[in-house]
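Student:
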Amino acid sequence: MRLILVWSFCVFRLVEGDAMELTDMFGEIHSPNFPDSYPSDSEVTWNITVPDGFRVKLYFMHFDLESSYLCEYDFVKVESEDQFLATFCGREATDTEQTPGQQAIVSPGPFMSLTFRSDFSNEERFTGFDAHYTAVDIDECLEKSDEELACDHHCHNYIGGYYCSCRFGYILHSDNRTCKVECSDNLFVQRNGVINSPDFPNSYPKSSDCLYRIELEEGFFITLQFEDNFDIEDHPEVTCPYDYIKIKAGLKEFGPLCGERSPGRIETQSNSVQILFHSDNSGENGGWKLTYTAVGDPCPLLEPPPNGKIEPSQARYTFKDQVVISCNTGYNVLKDDVESETFQIECMKDGIWSSKVPICKIADCKVPPALGHGILTFSTPDNLTTYQSGIQYSCHHPYYQMVPNVTGTYTCDAKGIWRSAELGRRLPSCQPVCGKPRFSRSLLARIANGRYAQRGISPWIAMLHRNGRPFCGGSLLGNKWIVTAAHCLHDELDLENPVLRSNDVISSSSFKIILGKHRTQAQDDTEQLLRPQTLHIHPSYKPATFEYDIALVELSEEARLNDYVMPVCFPDGLPPNDAMVLVTGWGKQFLQRLPDALMEIEIPLTDHAVCKAAYAKLQKAVTQDMLCAGEKQGGKDACSGDSGGPMVTLNNRTGQWQLIGTVSWGDGCGLNDRYGVYSNVLLTLPWIKQISGVEY
1400 MRLILVWSFC
1410 VFRLVEGDAM
1420 ELTDMFGEIH
1430 SPNFPDSYPS
1440 DSEVTWNITV
1450 PDGFRVKLYF
1460 MHFDLESSYL
1470 CEYDFVKVES
1480 EDQFLATFCG
1490 REATDTEQTP
1500 GQQAIVSPGP
1510 FMSLTFRSDF
1520 SNEERFTGFD
1530 AHYTAVDIDE
1540 CLEKSDEELA
1550 CDHHCHNYIG
1560 GYYCSCRFGY
1570 ILHSDNRTCK
1580 VECSDNLFVQ
1590 RNGVINSPDF
1600 PNSYPKSSDC
1610 LYRIELEEGF
1620 FITLQFEDNF
1630 DIEDHPEVTC
1640 PYDYIKIKAG
1650 LKEFGPLCGE
1660 RSPGRIETQS
1670 NSVQILFHSD
1680 NSGENGGWKL
1690 TYTAVGDPCP
1700 LLEPPPNGKI
1710 EPSQARYTFK
1720 DQVVISCNTG
1730 YNVLKDDVES
1740 ETFQIECMKD
1750 GIWSSKVPIC
1760 KIADCKVPPA
1770 LGHGILTFST
1780 PDNLTTYQSG
1790 IQYSCHHPYY
1800 QMVPNVTGTY
1810 TCDAKGIWRS
1820 AELGRRLPSC
1830 QPVCGKPRFS
1840 RSLLARIANG
1850 RYAQRGISPW
1860 IAMLHRNGRP
1870 FCGGSLLGNK
1880 WIVTAAHCLH
1890 DELDLENPVL
1900 RSNDVISSSS
1910 FKIILGKHRT
1920 QAQDDTEQLL
1930 RPQTLHIHPS
1940 YKPATFEYDI
1950 ALVELSEEAR
1960 LNDYVMPVCF
1970 PDGLPPNDAM
1980 VLVTGWGKQF
1990 LQRLPDALME
2000 IEIPLTDHAV
2010 CKAAYAKLQK
2020 AVTQDMLCAG
2030 EKQGGKDACS
2040 GDSGGPMVTL
2050 NNRTGQWQLI
2060 GTVSWGDGCG
2070 LNDRYGVYSN
2080 VLLTLPWIKQ
2090 ISGVEY
């Protein structure tokens, strides 16, 4: 009798008793003669094989076999290699027989065997079965039924297989499932540190060899302290055959170490230690952790210097320990004649300190700087200059005053610097008192036609003296500068080419400056004869028109201020028209001869427009940098030889005389409707201060 097997994609002819080998990924299996009655006394086997990584899934679409106790007559049996999976028979499941129903049978591996058997007779007509099978993928990552297939960290399934990967910091071992770490080059050079197995306190990686090296300077001795939480795979009979720690310290070796008992404290007595940790390809132990410290030979205890301290203060110092010596406030560390705020020394490997403890020296501000024209007073009778000592500056009274107006008290601070509460490190200066003559002048009566000045009444006036005679006047600024007229400092100019050239300026050695002068020709006992050093003519000066007719003379040495030599003050503004001003000088009077002594005259300031109109008739220009003074009817004026001399006015608020002009030019001397013309000092004041540096 011949049987026919029908597939969904092909038809096979099967001889009764043969086994059918099926290797496709899916297929259909019929009982013989299906859907007609199956024959009696038949046995057919189908062997289904799918690729590795797959299983066989079998389910029945139709099932109709003869019923019998424990499927004794006709049955379908399903097996997988040596494993029995199921036996089915009948039409309905009973207590003694089982039908597949909706049940699907899945093989544990890539092979399944299905056998159909019928006995010698059938009491009824039975149609048999219609079954389907398909290959289904095995998810090895979920099942992990085989220890050899498990991944250490991550498992990735794909159709027909799987692969493993590792967490960051791990690499896949050659078995393609175990994760290990690369930990063979760990170097520790600090005196203290912590070392532990990878991932501690979680399980350490498999198949790894970790090497930890501690390398310190010679003179240190390393101590290892293992924590109590210690767990390395062990064996009850063999010493550390799987995982272990081995320690090498100089010529000494410790280990192998494993199990759950911590090694505790290990004194290596070496400055170089190697720790080898080995793990095999199995196990889930927690690992280990240790703290290492290093100590060296002790150094003697240190005593802080008087007025100083040592940090850190310890009961014991060993090799490489460092201490810093510092001093109390107001003291400095002194070592090898060099002062500093701190000094550091170190314990050496042979048990001695790198240097002796220095001393603490009190901060010394040294001798304070001298104050020009000032007086220095110490607050202590022995003139101490050390920390918290005090000094006070004052100026030579009454000819100099302190600028700014501060107490002048300085204290030696902790850094050895003289310091003032108002000025810090900056010194005040003693500036000349200006514009306050020691002799009073009565202004109750007008001065008519000029008169001899009282001696010392104009202590700022200077005489420019050459060839035995005065040729111009000037005014003292500060104690080393004279302001005068620019035209006084050059020789006669070529009228056809009235341009001032550098070689037209007279030599500073060709004339002298006399201060404290009163009598014109006779010598006074109050005189100071000074030599000019440099000459400065205003850059806008025009000889032809006398514009900006102002100049500065720097003296070769400072003038000695006294009752007869005192500077004049700078102007803080111009008085109104008709205000009375004083002009002084040794110029020729109406008789065309020099006076016997210094002359002064009181005249009113003239309106600029009136003066300008008066000289316009003579085709002479009165420019904005000029001032005019005098009376319309004449009779009062500066004359020849007064050039460069001062025109001053009294500031009623401060009681100081201020220089508002210098004698420049005019037409004749005291003529009707002819006013004296003066250079405006207020207009040129920025240039004067810039060149001279004088500040009151």
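Numbers 1400 to 2095, taken from this note's numbering, label the letters of the sequence shown in order.
Glycine included, every Cβ here is placed at the ideal spot set by N, Cα and C.
Please read these numbers as outputs of a predicted model, since none were measured by experiment.
1. Using 8 angstroms as the cut-off, can you tell me whether the segment 1419–1428 makes contact with the segment 1500–1510, which would need three or more C-beta pairs spanning the two stretches below that distance?
2. What does the alpha-carbon distance come out to for the pair Y1437 and R1576?
3. Spell out the partners DSSP gives M1511 in its beta bridges.
4. Within its chain, find whatever has a CB closer than 7 angstroms to the CB of G1663; leave out the 5 residues flanking it on each side and keep chain order.
5. Below 8 angstroms between beta carbons: does that hold for D1679 and S1573?
6. Is the CB-CB distance between S1512 and T1444 below 8 angstroms?
7. Determine whether the beta carbon atoms of V1802 and Q1830 lie at a separation below 8 angstroms.
8. Can you tell me which residues form a DSSP beta bridge with L1689?
9. For L1934, name the three-state secondary structure that DSSP assigns.
10. Taking the Cβ atom as the reference point for each residue, do V1580 and P1600 lie within a distance shorter than 8 angstroms?
11. Considering just the uninterrupted stretch of the beta strand (DSSP E) at T2005, what are its terminal residues?
12. Contact check, L1997 vs A1852 under 8 angstroms by CB: the rounded distance?
13. Of all the alpha helix (DSSP H) runs that stay within the bounds of the segment 1699–1745, which reach a length of 4 or more residues?
14. Report the option in V1723, N1684, D1696 whose CA atom is closest to the CA atom of G1707.
15. With C-beta atoms as the reference, is G1815 less than 8 angstroms away from C1764?
16. Taking the CB atoms as reference points, tell me whether I1761 and S1778 lie closer together than 8 angstroms.
17. Whose CA, out of I1751, D1749, P1757, lies closest to the CA of Q1743?
18. For the candidate residues N1670, R1930, E1496, N1521, whose alpha-carbon lies nearest to that of E1617?
19. In three-state terms, what does DSSP make of V1756?
20. Taking the alpha-carbon of A1884 as reference, which of G2043, I2087, W1752, Y1940 has the nearest alpha-carbon?
21. Going by DSSP, which residues form a beta bridge with R1865?
22. Enumerate in chain order the residues of its own chain whose CB-to-CB distance from S1939 is below 6 angstroms, with the five nearest sequence positions on each side excluded.
23. Would you mind working out which of H1889, Q1932, E1999 sits nearest R1850, comparing C-alpha positions?
24. For D1962, I'd like the list of residues in its chain whose CB is within less than 6 angstroms of its CB, leaving aside the five on either flank, ordered along the chain.
25. In terms of residue numbering, what span does the beta strand (DSSP E) encompassing K1647 cover?
26. Using a Cβ distance threshold of 8 angstroms, determine whether the segment 1585–1592 contacts the segment 1680–1697, with at least three qualifying pairs required.
27. From W1817 to P1767, what distance separates their C-alpha atoms?
28. Apart from the five residues just before and just after K1835, which ones in its own chain have a Cβ nearer than 8 angstroms to its Cβ?
29. In angstroms with no decimal places, state the Cα-to-Cα distance between V2076 and H1937.
30. Report all residues from its chain with a CB closer than 8 angstroms to the CB of S1439; omit the five preceding and five following residues, and keep chain order.
31. Who does L1610 pair with in a DSSP beta bridge?
32. With the cut-off set at 8 angstroms, would you say Q1932 and S1955 are in Cβ contact?
33. Work out the CA separation of E2094 and S1819 for me, nearest whole Å.
34. Measure the alpha-carbon distance for F1620 versus I1674 and round it to whole angstroms.
35. Over the uninterrupted beta strand (DSSP E) stretch that includes W1880, give me the two end residues.
36. Can you name, in chain order, every residue of its own chain whose Cβ lies under 8 angstroms from the Cβ of R1566, other than the five neighbours on each side?
Tutor: Reading it off the structure:
1. no
2. Position 38 of the sequence shown, counted from the first residue, corresponds to residue 1437. Position 177 of the sequence shown, counted from the first residue, corresponds to residue 1576. Straight-line Cα distance between these residues: approximately 51 angstroms.
3. Mapped onto the sequence shown, residue 1511 falls at position 112. BP columns for M1511 point to I1447.
4. Indexing the sequence shown from 1 puts residue 1663 at position 264. Excluding positions up to five away in sequence, the list reads F1625.
5. Taking the sequence shown and counting its residues from 1, one reaches residue 1679 at position 280. Taking the sequence shown and counting its residues from 1, one reaches residue 1573 at position 174. No; because the gap between Cβ atoms is not below 8 angstroms, this pair is not in contact.
6. What you label residue 1512 is simply residue 113 of the sequence shown in a count that begins at 1. What you label residue 1444 is simply residue 45 of the sequence shown in a count that begins at 1. A contact, by the Cβ cut-off of 8 angstroms.
7. Here residue 1802 is taken as the residue at index 403 of the sequence shown, counted from 1. Here residue 1830 is taken as the residue at index 431 of the sequence shown, counted from 1. Cβ atoms of V1802 and Q1830: closer than 8 angstroms.
8. For the purposes of this step, residue 1689 is taken as the residue at position 290 of the sequence shown. Answer is I1594, F1625, bridged to L1689.
9. For the purposes of this step, residue 1934 is identified with residue 535 of the sequence shown, where counting begins at 1. Residue state, collapsed to three classes: strand.
10. By one-based count along the sequence shown, residue 1580 stands at place 181. By one-based count along the sequence shown, residue 1600 stands at place 201. No, they are not a contact pair.
11. In the sequence shown, the residue the question calls residue 2005 occupies position 606. Here the beta strand (DSSP E) through T2005 covers 1998–2005.
12. The residue labelled residue 1997 in the question sits at position 598 within the sequence shown. The residue labelled residue 1852 in the question sits at position 453 within the sequence shown. Right, the Cβ-Cβ distance comes to about 4 angstroms (below 8 angstroms), so this counts as a contact.
13. none
14. Numbered from 1 along the sequence shown, position 308 holds the residue referred to as residue 1707. Measuring from the Cα of G1707, the nearest candidate turns out to be V1723.
15. Here residue 1815 corresponds to residue number 416 of the sequence shown, with the count starting at 1. Here residue 1764 corresponds to residue number 365 of the sequence shown, with the count starting at 1. Yes, Cβ-Cβ distance for G1815 and C1764 is below 8 angstroms.
16. On the sequence shown, position 362 is the one that residue 1761 refers to. On the sequence shown, position 379 is the one that residue 1778 refers to. Contact: no.
17. Residue numbering aside, residue 1743 sits at position 344 when the sequence shown is read from its first letter. Among I1751, D1749, P1757, the Cα nearest to that of Q1743 belongs to P1757.
18. Indexing the sequence shown from 1 puts residue 1617 at position 218. Ranking N1670, R1930, E1496, N1521 by Cα distance to E1617 puts N1670 first.
19. Position 357 of the sequence shown, counted from the first residue, corresponds to residue 1756. Reduced to three states, the DSSP call for V1756 is coil.
20. Sequence index remark: in the sequence shown, residue 1884 carries index 485 (1-based). That would be G2043, whose Cα lies nearest to the Cα of A1884.
21. Residue 1865 sits at position 466 when you count from the first residue of the sequence shown. DSSP, once it has assigned bridges, lists R1868 as partnering R1865.
22. The residue you call residue 1939 lines up with position 540 of the sequence shown. Y1947.
23. By 1-based counting over the sequence shown, the position of residue 1850 is 451. Residue E1999 is the option with its Cα nearest to R1850.
24. The residue you call residue 1962 lines up with position 563 of the sequence shown. Contacts found: R1837, G1855.
25. Counted from its first residue, the sequence shown places residue 1647 at position 248. 1643–1648 is the extent of the beta strand (DSSP E) around K1647.
26. yes
27. Within the sequence shown, numbered from 1, the residue matching residue 1817 stands at position 418. Within the sequence shown, numbered from 1, the residue matching residue 1767 stands at position 368. In a straight line, the C-alpha of W1817 is about 7 angstroms away from that of P1767.
28. Your numbering for residue 1835 matches position 436 in the sequence shown. The answer, listed in chain order, is M1965, G2054, Q2055, W2056.
29. Along the sequence shown, one-based indexing puts residue 2076 at 677. Along the sequence shown, one-based indexing puts residue 1937 at 538. Those two C-alpha atoms are separated by around 17 angstroms.
30. Numbered from 1 along the sequence shown, position 40 holds the residue referred to as residue 1439. Closer than 8 angstroms at Cβ, skipping near neighbours: S1517, D1518, F1519, S1520, N1521.
31. Here residue 1610 refers to the residue found at position 211 when the sequence shown is read from its first residue. Looking at the DSSP assignment, L1610 forms a beta bridge with L1675.
32. Taking the sequence shown and counting its residues from 1, one reaches residue 1932 at position 533. Taking the sequence shown and counting its residues from 1, one reaches residue 1955 at position 556. Yes, Cβ-Cβ distance for Q1932 and S1955 is below 8 angstroms.
33. As a working note, residue 1819 is residue 420 in the sequence shown. As a working note, residue 2094 is residue 695 in the sequence shown. Rounded to the nearest angstrom, the two C-alpha atoms are 22 angstroms apart.
34. By 1-based counting over the sequence shown, the position of residue 1620 is 221. By 1-based counting over the sequence shown, the position of residue 1674 is 275. Approximately 15 angstroms, taken between the alpha carbons.
35. Taking the first residue of the sequence shown as position 1, residue 1880 is located at position 481. Unbroken beta strand (DSSP E) run through W1880: 1880–1883.
36. Counted from its first residue, the sequence shown places residue 1566 at position 167. Result list for R1566: H1552, H1553, C1578, in chain order.
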